[in-house]
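A.B. asks: This structure is in structure tokens; I'll ask about it shortly.
In our numbering, the protein residues as written are 362 to 638.
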């Protein structure tokens, strides 16, 4: 991505158009930024690009406007604070360069999930590959290969990391949504495992992994509860009654607690050196 001139200007907040397809605003991030801005001001300007015939997120078309490139949360924060103007980098860039600019900033954010990060990297590689294919091999290669090299060079993303990102980003939308619902969108191992399957099976694989994860958590919680109960019983009953209590637990069908009690007390024998009150 060749650099384009940028200048810093103070521009009206209400004159900035937020285009379609941007990441959703997170209220908690905006709230934190508002506190920071009130305390120390806005340290990093937003970025915009002048454009014509642009559509905002509500579908309204503007003949000419400054379109937001980076800094959506910062812009929303100052809007809520009542600012009328904001400091911004203004760059004469096309849509592709603007998106590359936005992605490069997003990748430095700490709140991206693994899936979001991989989607951003894959999109960056695609956009860069297209530009390199048009520019020629002097920029480091053509097509996807050139995009991977550029990602490594300009984003600091390893080649293998970029290749894995492309695989994850290629998951079906159904699979991605299943991962988000199951809380697996930040689990790259699970995402890559699903990406190995045929597209039609990816969502079901994600759901299966989520079910196994949930079952594993439930089982561990049950084990922990059994250990806590067993420890409490060992404190309540004197050592000479442990064997009797153990048999009562097994007879009552409380095998999990009984097993934990055996582990806690040494299979019914008093634990040397332990004090019981």
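Note that beta-carbon positions come from the ideal geometry of N, C-alpha and C, so glycine has one too.
Quantities reported herein were computed from a predicted structural model and do not represent experimental measurements.
State the start and end residues of the unbroken beta strand (DSSP E) segment that holds residue 429.
C.D. replies: Unbroken beta strand (DSSP E) run through residue 429: 422–431.
A.B. asks: Residues in the same chain with beta-carbon distance under 6 Å from residue 551, minus the five sequence neighbours each way, listed in chain order, please.
C.D. replies: Within the same chain, residue 551 has close Cβ partners 545 and 570.
A.B. asks: I'd like to confirm the pairing. Which residues does DSSP put opposite residue 410 in its beta bridges?
C.D. replies: Answer is 428, bridged to residue 410.
A.B. asks: Which of the three DSSP states is assigned to residue 418 in this structure?
C.D. replies: If DSSP states are grouped into helix, strand and coil, residue 418 belongs with coil.
A.B. asks: Spatial neighbours of residue 641 within its chain, please: CB distance less than 7 Å, with the 5 preceding and 5 following residues excluded, ordered by chain position.
C.D. replies: No answer is possible for residue 641: it lies beyond the span of the chain, which begins at 362 and ends at 638.
A.B. asks: DSSP has residue 380 in a bridge; who is on the other side?
C.D. replies: Its beta-bridge partners are 417.
A.B. asks: Evaluate residue 607 with the Cβ neighbour count: other Cβ atoms within 10 Å of its Cβ, from every protein chain shown; 16 or more gives buried, anything less gives exposed.
C.D. replies: Result: buried.
A.B. asks: Quick one: give me the first and last residue of the alpha helix (DSSP H) that residue 618 is part of.
C.D. replies: It spans 616–626 - the alpha helix (DSSP H) in which residue 618 sits, taken as one unbroken run.
A.B. asks: Determine the extent of the alpha helix (DSSP H) in which residue 612 is found, giving its start and end residues.
C.D. replies: Taken as a continuous stretch (DSSP letters only), the alpha helix (DSSP H) holding residue 612 covers 603–612.
A.B. asks: State the beta-bridge partners of residue 450 as determined by DSSP.
C.D. replies: Looking at the DSSP assignment, residue 450 forms a beta bridge with 369 and 408.
A.B. asks: Given a cut-off of 8 Å, decide if residue 398 and residue 438 are closer than it, judged by their beta-carbon atoms.
C.D. replies: Result yes, Cβ atoms of residue 438 and residue 398 sit closer than 8 Å.
A.B. asks: So, does the stretch 468–475 touch the stretch 419–432, judging by three or more C-beta pairs under 8 Å?
C.D. replies: Contact between the stretch 468–475 and the stretch 419–432 is absent, because fewer than three Cβ pairs lie under 8 Å.
A.B. asks: Quick check on this structure: which residue in 515, 520 and 522 has the alpha carbon closest to the alpha carbon of residue 462?
C.D. replies: If we check each option's Cα against that of residue 462, 515 comes out closest.
A.B. asks: Just to confirm, are residue 451 and residue 380 a CB contact at a threshold of 8 Å?
C.D. replies: Going by C-beta atoms, residue 451 is not nearer than 8 Å to residue 380.
A.B. asks: Which residue marks the beginning of the alpha helix (DSSP H) containing residue 540, and which one marks its end?
C.D. replies: Where residue 540 is concerned, the enclosing alpha helix (DSSP H) stretches over 534–543.
A.B. asks: If I follow the unbroken alpha helix (DSSP H) through residue 522, where does it start and stop?
C.D. replies: Residues 520–530.
A.B. asks: Between 383, 593 and 371, which lies nearest to residue 447 when the distance is taken from Cα to Cα?
C.D. replies: It is 371 whose Cα lies nearest to the Cα of residue 447.
A.B. asks: If I follow the unbroken alpha helix (DSSP H) through residue 467, where does it start and stop?
C.D. replies: It spans 456–467 - the alpha helix (DSSP H) in which residue 467 sits, taken as one unbroken run.
A.B. asks: Using three-state DSSP, classify residue 474 as helix, strand or coil.
C.D. replies: Here residue 474 sits in coil by DSSP.
A.B. asks: How would you call residue 499, buried or exposed, if buried means at least 16 neighbouring beta carbons within 10 angstroms?
C.D. replies: Since pLDDT at residue 499 reaches only 46, below the 50 mark, its modelled position is unreliable, and the value read off the structure follows with that caveat. Residue 499 should be labelled exposed.
A.B. asks: For residue 590 and residue 602, what's the separation of their Cα atoms in angstroms?
C.D. replies: Their Cα atoms are separated by approximately 16 Å.
A.B. asks: Does the Cβ-Cβ distance between residue 430 and residue 404 come in under 8 Å?
C.D. replies: Not in contact: residue 430 and residue 404 (Cβ atoms no closer than 8 Å).
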